[in-house]
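Numbering (the UniProt record's numbering), first residue to last: 1 to 365. Structure, as structure tokens:
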């Protein structure tokens, strides 16, 4: 059960001038915006109309002396709100409430709909796979800060006892050091962005695997006419690897060979990983959780919450809306009904104030 996030988000600095003409407190704006998104509304005009229709309900716990903010007020505030602060307080809220997590996946996603078509927002989230909760979010401004993004994200959350999985973009020496320092473990994809290391590891694993010199763990999954067999192979003997000591607590290199049979069309792919873990079954199970996230998580955000809407917004506004969207999704998954889809949660919350209160506050008012 998650508690009301507004107590945390209300600590964010109000970007507006503090004077007598300030009609609507930031707490009101954030609460109404979050509630509107939770109830299925994706633009400020719709959220203003929803709030106006539910003004008596909002007034039961907010000071609405000056009524409901206009759609322009919502937009102007969200454009100016410090996204780093909102990310930090979001992380404090979720980590204060959430249990420890065995697996945290680092998940990157492009969000369309900024004013500059060639400047799509790239968000990076830390996602707890068992609880299906987003623990933290940040955005990548440019290529220069891709490498530093993950350490910044990890600093926002408690990863002690957790295994971190991430794509090759985040496979960096400083990242492994920070993960271990914070008490976690890692499984990081290895590709050509570390060419020498990739060539050495892939050659070793391919040779050893083809000669049947490695421990192998196999899984088979069948779904909608698609048969996929994965064979996981591990090498914990790393004396041959010249760069071993440059990667903090590197205890194993792993290869995954995936063979897909889709209606008779067969393809095979091999992927490679660096890991501080040495148990092959645990590594395989954790990687499958990571792969499952992109389809399910991105589909909910894009299709159910309409995150890739064609409406053009300023970059900062888009990032802050994305954070509120993830807050709403966390509330649904933690406080909702396991037998209802995310879409049905939104519909019911828009129509039923008691159900809405349970999602938003974790209890009935």
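Note that the Cβ used here is the ideal one computed from N, Cα and C, for glycine as well. It should be emphasised that the depicted structure is a prediction, and the values quoted were computed from it without experimental measurement.
Do the CB positions of residue i and residue j come within less than 7 Å of each other?
{"i": "residue 95", "j": "residue 110", "result": "no"}
{"i": "residue 331", "j": "residue 301", "result": "no"}
{"i": "residue 276", "j": "residue 249", "result": "yes"}
{"i": "residue 281", "j": "residue 217", "result": "yes"}
{"i": "residue 316", "j": "residue 79", "result": "yes"}
{"i": "residue 247", "j": "residue 176", "result": "yes"}
{"i": "residue 198", "j": "residue 206", "result": "no"}
{"i": "residue 153", "j": "residue 170", "result": "no"}
{"i": "residue 103", "j": "residue 75", "result": "no"}
{"i": "residue 293", "j": "residue 166", "result": "no"}
{"i": "residue 1", "j": "residue 362", "result": "yes"}
{"i": "residue 156", "j": "residue 136", "result": "yes"}
{"i": "residue 51", "j": "residue 68", "result": "yes"}
{"i": "residue 86", "j": "residue 323", "result": "yes"}
{"i": "residue 286", "j": "residue 163", "result": "yes"}
{"i": "residue 343", "j": "residue 304", "result": "yes"}
{"i": "residue 202", "j": "residue 272", "result": "yes"}
Over the uninterrupted beta strand (DSSP E) stretch that includes residue i, give me the two end residues.
{"i": "residue 59", "result": "No beta strand (DSSP E) holds residue 59; the alpha helix (DSSP H) holding it covers 55 to 59."}
{"i": "residue 166", "result": "163 to 166"}
{"i": "residue 137", "result": "133 to 140"}
{"i": "residue 195", "result": "First-last for residue 195: 195 to 210, but that is the alpha helix (DSSP H), not the beta strand (DSSP E)."}
{"i": "residue 268", "result": "265 to 275"}
{"i": "residue 38", "result": "It is not in any beta strand (DSSP E) - residue 38 instead sits in the alpha helix (DSSP H) that spans 26 to 38."}
{"i": "residue 258", "result": "252 to 262"}
{"i": "residue 326", "result": "Unbroken run through residue 326 is the alpha helix (DSSP H), 315 to 335; no beta strand (DSSP E)."}
{"i": "residue 126", "result": "121 to 128"}
{"i": "residue 108", "result": "103 to 111"}
{"i": "residue 234", "result": "226 to 235"}
{"i": "residue 189", "result": "185 to 190"}
Residue i: buried (16+ other C-beta within 10 angstroms of its C-beta) or exposed?
{"i": "residue 345", "result": "buried"}
{"i": "residue 23", "result": "exposed"}
{"i": "residue 255", "result": "buried"}
{"i": "residue 224", "result": "exposed"}
{"i": "residue 350", "result": "buried"}
{"i": "residue 83", "result": "buried"}
{"i": "residue 37", "result": "buried"}
{"i": "residue 234", "result": "buried"}
{"i": "residue 48", "result": "buried"}
{"i": "residue 60", "result": "exposed"}
{"i": "residue 320", "result": "buried"}
{"i": "residue 338", "result": "exposed"}
{"i": "residue 266", "result": "exposed"}
{"i": "residue 279", "result": "exposed"}
{"i": "residue 107", "result": "buried"}
{"i": "residue 35", "result": "buried"}
{"i": "residue 299", "result": "exposed"}
{"i": "residue 297", "result": "buried"}
{"i": "residue 318", "result": "buried"}
{"i": "residue 431", "result": "Examination of residue 431 is not possible in this model, given that the chain is present from 1 through 365 alone."}
{"i": "residue 325", "result": "buried"}
Which residues bound the alpha helix (DSSP H) around residue i?
{"i": "residue 74", "result": "71 to 80"}
{"i": "residue 342", "result": "342 to 351"}
{"i": "residue 87", "result": "83 to 97"}
{"i": "residue 175", "result": "173 to 181"}
{"i": "residue 217", "result": "First-last for residue 217: 215 to 223, but that is the beta strand (DSSP E), not the alpha helix (DSSP H)."}
{"i": "residue 8", "result": "6 to 9"}
Among the residues of its own chain, which have a CB less than 6 Å from the CB of residue i, if the five just before and after it don't count?
{"i": "residue 5", "result": "93 and 327"}
{"i": "residue 44", "result": "71, 74 and 75"}
{"i": "residue 290", "result": "105 and 165"}
If I'm right that residue i touches residue j with Cβ under 8 Å, what's the distance once you round it to whole angstroms?
{"i": "residue 8", "j": "residue 89", "result": "5 Å"}
{"i": "residue 306", "j": "residue 42", "result": "5 Å"}
{"i": "residue 221", "j": "residue 258", "result": "Rounded, the Cβ-Cβ distance is 10 Å, inconsistent with contact."}
{"i": "residue 238", "j": "residue 200", "result": "So it is not a contact: roughly 10 Å between Cβ atoms."}
{"i": "residue 226", "j": "residue 262", "result": "5 Å"}
Can you list, in chain order, the residues of its chain with a C-beta nearer than 8 Å to that of residue i? Leave out the 5 residues immediately preceding and following it.
{"i": "residue 284", "result": "217, 219, 230, 232 and 256"}
{"i": "residue 160", "result": "100, 182, 183 and 184"}
{"i": "residue 18", "result": "none"}
Short of 7 Å in beta carbon distance, which residues of its chain neighbour residue i, apart from the five on each side in sequence? Order them along the chain.
{"i": "residue 274", "result": "171, 188, 190, 247, 250 and 253"}
{"i": "residue 133", "result": "94, 98, 330, 333 and 334"}
{"i": "residue 81", "result": "12, 15 and 320"}
{"i": "residue 58", "result": "32, 51 and 64"}
{"i": "residue 178", "result": "151 and 154"}
{"i": "residue 66", "result": "23 and 24"}
{"i": "residue 140", "result": "122, 124, 146 and 149"}
{"i": "residue 355", "result": "348 and 349"}
{"i": "residue 3", "result": "97 and 362"}
{"i": "residue 168", "result": "189, 190, 191 and 193"}
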